[in-house]
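A.B. asks:
Number of protein chains: 4
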Amino acid sequence: MDFTSDNAAALAPEVMLGLQAANAGTASGYGNDDLTKRVETAFSDLFGREVGVFLVSTGGAANGLALSALTPSWGAILCHREAHVMVDEAAGVEFFLGGGRLVGLSGIGAKVTPSSVEAGLAAMDGRVPHQIPARTLSLTQATEYGRVYSADEIATLCETAKRHGLKVHMDGARFANAVAATGAEPADLTWRAGVDALSFGFTKNGALCAEAVIAFDLALNEELTYRRKRSGHLWSKHRFLSAQVLAMLEGNAWLKHAGHANRMAALLAEALSENNGAELVFPPDANEIFCRLTPDLDVQLRAAGCHYYDWPGDPETGAGDPTKGQVNRFVTSFATTEADIAAVRAALVTRATHSAAAG
Amino acid sequence: MDFTSDNAAALAPEVMLGLQAANAGTASGYGNDDLTKRVETAFSDLFGREVGVFLVSTGGAANGLALSALTPSWGAILCHREAHVMVDEAAGVEFFLGGGRLVGLSGIGAKVTPSSVEAGLAAMDGRVPHQIPARTLSLTQATEYGRVYSADEIATLCETAKRHGLKVHMDGARFANAVAATGAEPADLTWRAGVDALSFGFTKNGALCAEAVIAFDLALNEELTYRRKRSGHLWSKHRFLSAQVLAMLEGNAWLKHAGHANRMAALLAEALSENNGAELVFPPDANEIFCRLTPDLDVQLRAAGCHYYDWPGDPETGAGDPTKGQVNRFVTSFATTEADIAAVRAALVTRATHSAAAG
Amino acid sequence: MDFTSDNAAALAPEVMLGLQAANAGTASGYGNDDLTKRVETAFSDLFGREVGVFLVSTGGAANGLALSALTPSWGAILCHREAHVMVDEAAGVEFFLGGGRLVGLSGIGAKVTPSSVEAGLAAMDGRVPHQIPARTLSLTQATEYGRVYSADEIATLCETAKRHGLKVHMDGARFANAVAATGAEPADLTWRAGVDALSFGFTKNGALCAEAVIAFDLALNEELTYRRKRSGHLWSKHRFLSAQVLAMLEGNAWLKHAGHANRMAALLAEALSENNGAELVFPPDANEIFCRLTPDLDVQLRAAGCHYYDWPGDPETGAGDPTKGQVNRFVTSFATTEADIAAVRAALVTRATHSAAAG
Amino acid sequence: MDFTSDNAAALAPEVMLGLQAANAGTASGYGNDDLTKRVETAFSDLFGREVGVFLVSTGGAANGLALSALTPSWGAILCHREAHVMVDEAAGVEFFLGGGRLVGLSGIGAKVTPSSVEAGLAAMDGRVPHQIPARTLSLTQATEYGRVYSADEIATLCETAKRHGLKVHMDGARFANAVAATGAEPADLTWRAGVDALSFGFTKNGALCAEAVIAFDLALNEELTYRRKRSGHLWSKHRFLSAQVLAMLEGNAWLKHAGHANRMAALLAEALSENNGAELVFPPDANEIFCRLTPDLDVQLRAAGCHYYDWPGDPETGAGDPTKGQVNRFVTSFATTEADIAAVRAALVTRATHSAAAG
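Chains as they are written, first to last, in this note's numbering: chain P, 1 to 359; chain H, 360 to 718; chain E, 719 to 1077; chain S, 1078 to 1436.
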């Protein structure tokens, strides 16, 4: 049972089938192929409007490209201080910008709020030109702590952002999980709420290596065209990038897999927390669980072959007061099975039995 | 018959098998997996020494990373003025450098020579600090016109470069074709000759999307580690990048496929040029043919379903005097078949017959 | 009485005389002149060893150049979270780096300590390559709150930094004030303690526009040569930059002026705080005073034509608990006179009298 | 007699007087002072419309800031291949852009023409996205070979540029000389003709260190505000930058000095070329003379204490066929005197006499 990350999984079956189907004959390179055209159409259909589509192979690339297209190189980007762009991309956004700066916001469960946005803006103090101005707000959906923004929350955040002249980017590495969790229309979680560009992730959801930058502001298309190419993110055999995404979009495999991962997370959270087994740090909206295992439960689960990460506690983000014990992160994916959950449950039962016997 | 580019082909069978084999279970992300370790070992074996290995998905990424690791951001890079980094990567190298400049050298068939390097250096005139200093020489092997450098030629170029304090990079998008063409050891074409870093391409040779930056100067490893990550070129499901390369390296599939492409090019060149059919602009050392078709032959071949590019003539690089007629580029790949060549030949025979009948 | 900033002052008399003396005849541009050679010699004499000298016209330029020469473009720089490079240079360091990131440290009075450096490093967690590595520590001497590091404190901080592989930069916009305050040798406050590069400011101390990047690590000279030129910071009529600095260095005018500013600050602090007039937030080591005026005293002083800034309180840096009242900053300079202090004192006496009368 | 460069001269008397007048009392920093407001008004008056004004201390800074504000970081800038930005600024423009590329155009006397612009665009071939698109045309007025564009020529070039979607920048390091030479209105040489931003130089014309970026497109103001600050080009004691420019603008000192320099060049050209003394390579429109001295005349002049540069010949730009002998550059300035010309003439007479005697 590997719950370390959803990127530890292999490929969703549709993706491998899609790659195999694409693996015939010749095709023009660099996106001038039929599959790519179909992907563009599929995204426009999904979002109910024309969108710009730029496929790349990593989330870091998607975020860096989207944010640098939205933000002047001398501008600041607001994001949660535990956002992936802040803590996990090796200052990639700053590289794509050629400077700039990320400004960390607070918020429980890595969710920013209108008041944390306002507080972040106020703290920048705006002494022109000594401080760079905030230009973009980046939201992660689902968040780095597995929380989900509702369409209304996003709309309110976008309203706050626009009032201050900010563009809005959404890091949707787990956008599918958020759509599955909310049941909302993709359009309502993005452009209808005011999002200007979305990094729509497929890799964690079963693709081999596919993320889409979706431009709702079509004026970004030219920026993204040249920025993708010059950063080495335009594939020559682009059809194989499109094939992955198309396989996920057709028949709504993306939503099916994300929904499955979310359900597995709910079951896992239940299994972990029942019988006072573990304290959940956050309600698992999507496919990530943050909880506090007792030391003996931790030993028991690891002994049973269960893999997951210790996570740094952080009272300010609600990620756990380190004095209350170690926080652990479990991530489920399309590949997590009910058997995996049952195995966890078995380990827990063992423990309960063992504890009862010891008691 | 698609001779437009070797990147128009699909996947070599070994690559798809490798992907399928890797598609099971979970694995740690970001290169912390067994396949990646095996790739690193395989490259060290291939080059007969320890090397740094950094897999990425495009040649532009490999070149940008390698060149920015080798060159200070205020330095100049010498390359042939028709080098891929100069004309086909949307100023990606300058982006990775955060400035810098490419300086174009002359040379027939996109091959630079010691004297063209010396001439390029002399033209820079070196007024410190008004002109940035040359720091790196980038060679393309095989060149953009399908020519190949011998191990001796590379050694001489490296000697010239080192004498002027330049590092040497090799853009080996078609390195496999060059190895197959020369029969030389990979080591003799690279580090033993003085090359500091190599972009070793697999995509054009049958991979889905795999290029390796090979660092012979191990001091580059740290630079490349962080530069790859921050530019969004480190895959999370890295095992699927390693699987492609491993499939090519094991059993020398890379060399077999490149040799096949070269042989197909030789046959195609013969087919095109026999009976005064087409004038070869360059001898086809590797898998690219540049020739001048007569207008009626051009029509005939295209009518027969043969695809290839018109190419800009350029007398200075020997790529053809435009006044002498249109130059055409044909590229063969691992996927080119003898049947493809036969089909071309058939079209030519038709023409010959037709010409004879008309004559 | 203008206490808003030491950069509100005009020129020290030596500087204007120096400019006038330099204003004759012709001279080679770009630093190839006699005055510049003399400046280089004067700095080497001052520091008791050979140093690299790069004059520029702003502190932001000096810091950006020094830090980008010391730090790889993918590295992080540790500095106090209220350091000038962090809050007052519009993300200039990130621009000069082409990415990178500043990491804010805590510390009372904007002084970092070995433990705040250790805490900053620990918070970065060092997951390679997801987080960029710390590479440089930047200290401000005197600090943004007018505190001064002793030679021993700097040596200890450098020892901590070196143990973690960090280079050390000193932002010495008010280095002269720190030297005057400590009575230490410039060498003991810098290279002997382990500092690799210094931004040595002259503008706040009476120059028109002159800051020197001093490279103690001579390997930085080439980096700085090209970085200064390409960023537009190499003057053509460079002799007029050298003339300013030479006028300050010769006869130790720099030290005399800084000592005077410090003494004026001590007198001003005394005047402000006597009779319970104002609470000093920090002891004024150098030429800046942070204090908390009572509202009526504030009114009184401003009515008397005294100019100074309200300053944001920040309990975490000891800059004042906002709930305890507004903090004010007073800065003295070479141009502050005893008459200015007397005028402040007169306003205070007025107040005292007035208060007594009202009492 | 120093004819090496106009930046070898000291300060025009008005500039020193302006600095002395500004050297009193305190003033707000960073351009929030009265002199700066007066400079802004003076430029608006000069150009007959509102303009953005951004003073900096070098021409490289002015060009880098203006071009990076006009051009996306992924765009190309067309300029003459001997333009200062191309050959003398250490790839500063690329640094300010964070990538991008300069594309060199041909043209006699470093003057580009509509046809050289068209040829440059045609050579880029525009394969999207493999080549970066041209976005800006940079013209130097007066050119690096001392030639001047008429208002009509600029209008025609701007029309060509706009037709291709290019912005237009003017490097006016010697703009004053061009205005003096043409007698045209500054407005007619710039915004009325279609120029979007101008680097207006004062240093070569007698300032200590002052160049103005003039934004005719007011939308550039925000870009320039932040770009100037973050690159370290916003002075704290900004009044001393404004004082220089104001001294030059008031009473039209800038035009008087440039006109003088031009007249001195005309006289010098006459002196050099009479009696078959030297062959002029270009007619000296402004204050630079390029000529070919006979070897003995060269010796004679240098022996008489005359300083000037040998210049690389370049038949393609008309800068001289190296086979026809060494080209020399003479530059006059506001400080050149009729006595200097007389001294040159005396050396020539000596030669003529000597030659006659020898004959």
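C-beta: ideal position from N, C-alpha, C; glycine also.
#1: In whole angstroms, give me the CA-to-CA distance for S/M1078 and S/C1383.
#2: For the stretch 595 to 607 of chain H against the stretch 66 to 73 of chain P, do three or more pairs of beta-carbon atoms, one drawn from each stretch, fall closer than 8 Å, so that the two count as touching?
#3: Go ahead and label P/A342 buried or exposed: buried means 16 or more other beta carbons lie within 10 angstroms of its beta carbon, across all protein chains shown.
#4: Should E/P904 and E/V897 be called a contact, given that it needs their Cβ atoms to be closer than 7 Å?
#5: Can you pull the chain P residues whose beta carbon is under 7 Å from the beta carbon of E/D806, in chain order?
#6: Considering only residues of the same chain and omitting the five flanking positions on each side of H/Q490, which have a CB-CB separation below 7 Å?
#7: Closer than 8 Å by beta-carbon distance: list the chain C residues that pair up with S/F1172, in chain order.
#8: Do P/F282 and P/F3 come within 7 Å of each other at the CB atom, strictly closer than that value?
#9: Quick one: give me the first and last residue of the beta strand (DSSP E) that H/A571 is part of.
#10: For the beta strand (DSSP E) that P/H169 lies in, which residues bound it at each end?
#11: Quick check: is the beta carbon of S/T1413 nearer than 7 Å to any beta carbon in chain E?
#12: Can you have a look at P/V51 and say buried or exposed, based on whether 16 or more other CB atoms are within 10 angstroms of its CB?
#13: For H/N635, count neighbouring C-beta atoms within 10 Å of its own C-beta (all shown protein chains included) and say buried if the count is 16 or more, exposed if not.
#14: Please state whether the Cβ-Cβ distance between P/S333 and P/C209 is less than 7 Å.
#15: Do E/N741 and S/L1088 come within 7 Å of each other at the CB atom, strictly closer than that value?
#16: So, S/F1252 versus S/F1279, is the Cβ gap smaller than 7 Å?
#17: In its own chain, which residues sit with a C-beta less than 6 Å from the C-beta of E/V830, not counting the 5 before and 5 after it?
#18: If we cut at 7 Å on Cβ distances, does E/C797 have a partner in chain S?
#19: Counting only beta-carbon atoms, is S/K1333 nearer than 7 Å to chain P?
#20: Could you check the C-alpha separation between E/A996 and E/A1021 for me, to the nearest Å?
#21: According to DSSP, P/T140 sits in a beta bridge with which residue or residues?
#22: Give me, in chain order, the residues of the same chain whose beta-carbon lies closer than 7 Å to that of E/G1077; leave out the 5 immediate sequence neighbours on both sides.
#23: Out of E/A1053, E/P1013, E/T854, E/N1005, which one is the CA nearest neighbour of E/A925?
#24: From the DSSP output, in three-state form, read off E/A925 for me.
#25: Grouping DSSP H, G and I as helix and E and B as strand, with all else coil, what is H/D362?
#26: Quick check on the burial criterion: 16 or more other C-beta atoms within 10 angstroms. Buried or exposed for S/S1192?
#27: Would you say P/K167 lies against chain S (beta-carbon separation less than 7 Å)?
#28: So P/V281 is in the alpha helix (DSSP H); what residue range does that whole segment cover?
#29: Would you decide whether H/K683 is buried or exposed? Buried here means 16 or more other CB atoms lie within 10 Å of its CB.
#30: Tell me the DSSP secondary structure of S/G1436 in three-state form.
#31: Rounded to whole angstroms, what's the CA-CA distance from H/L660 to H/N646? Just pull it up for me.
#32: Please classify S/D1248: is it buried, with 16 or more other beta-carbons within 10 angstroms of its beta-carbon, or exposed?
#33: Ignore the nearest five residues each way along the sequence and tell me which others in P/F47's own chain have a CB closer than 8 Å to its CB.
#34: Cα-Cα, which of P/G60, P/D45, P/E40, P/L67 is closest to P/F54?
#35: If the criterion is Cβ atoms closer than 7 Å, does the pair P/A42 and P/L249 meet it?
#36: Would you list, in chain order, the members of the stretch 573 to 601 of chain H that have their beta-carbon closer than 8 Å to a beta-carbon of chain E?
C.D. replies: The short version:
#1: 5 Å
#2: At 8 Å Cβ cutoff, the stretches do not touch.
#3: Exposed, since its Cβ has fewer than 16 Cβ neighbours within 10 Å.
#4: yes
#5: Chain P residues near E/D806: H130.
#6: M483, D484
#7: As a matter of chain content, chain C is missing from the structure shown, whose protein chains are P, H, E and S.
#8: Cβ distance not < 7 Å, so P/F3 and P/F282 don't count as in contact.
#9: 570 to 574
#10: 167 to 172
#11: No, no contact with chain E.
#12: buried
#13: exposed
#14: For P/S333 and P/C209, no; Cβs fall outside 7 Å.
#15: Contact check for S/L1088 against E/N741 passes: the beta carbons are separated by less than 7 Å.
#16: no
#17: H798, L823
#18: no
#19: No - not a single Cβ of chain P is within 7 Å of the one on S/K1333.
#20: 17 Å
#21: P/D171
#22: Any answer about E/G1077 is weak, because its pLDDT of 45 lies below 50 and its placement is not dependable; what the coordinates show is given next. So no residue of the chain qualifies.
#23: E/A1053
#24: In the structure shown, the three-state DSSP call for E/A925 is coil.
#25: Looking at the sequence provided, one finds Phe at residue 362 of chain H rather than Asp. Looking at H/F362 - three-state DSSP - the assignment turns out to be coil, as it is neither helix nor strand.
#26: exposed
#27: At a cut-off of 7 Å, the C-beta of P/K167 has no neighbouring C-beta in chain S.
#28: Unbroken run through P/V281: none, as it is neither H nor E.
#29: exposed
#30: In this prediction, S/G1436 has a pLDDT of 45, which is less than 50 and means its spatial position is unreliable; what the coordinates show is noted afterwards. Coil.
#31: 19 Å
#32: Label assigned to S/D1248: buried.
#33: Residues of the same chain with a CB within less than 8 Å of the CB of P/F47, apart from the 5 flanking positions on each side, are P186, A187, T190, W191, I214, F216 in chain order.
#34: Of P/G60, P/D45, P/E40, P/L67, the residue nearest in Cα terms is P/E40.
#35: The answer is yes: Cβ separation under 7 Å.
#36: E582, T584, Y585, R586, R587, K588, R589, L593
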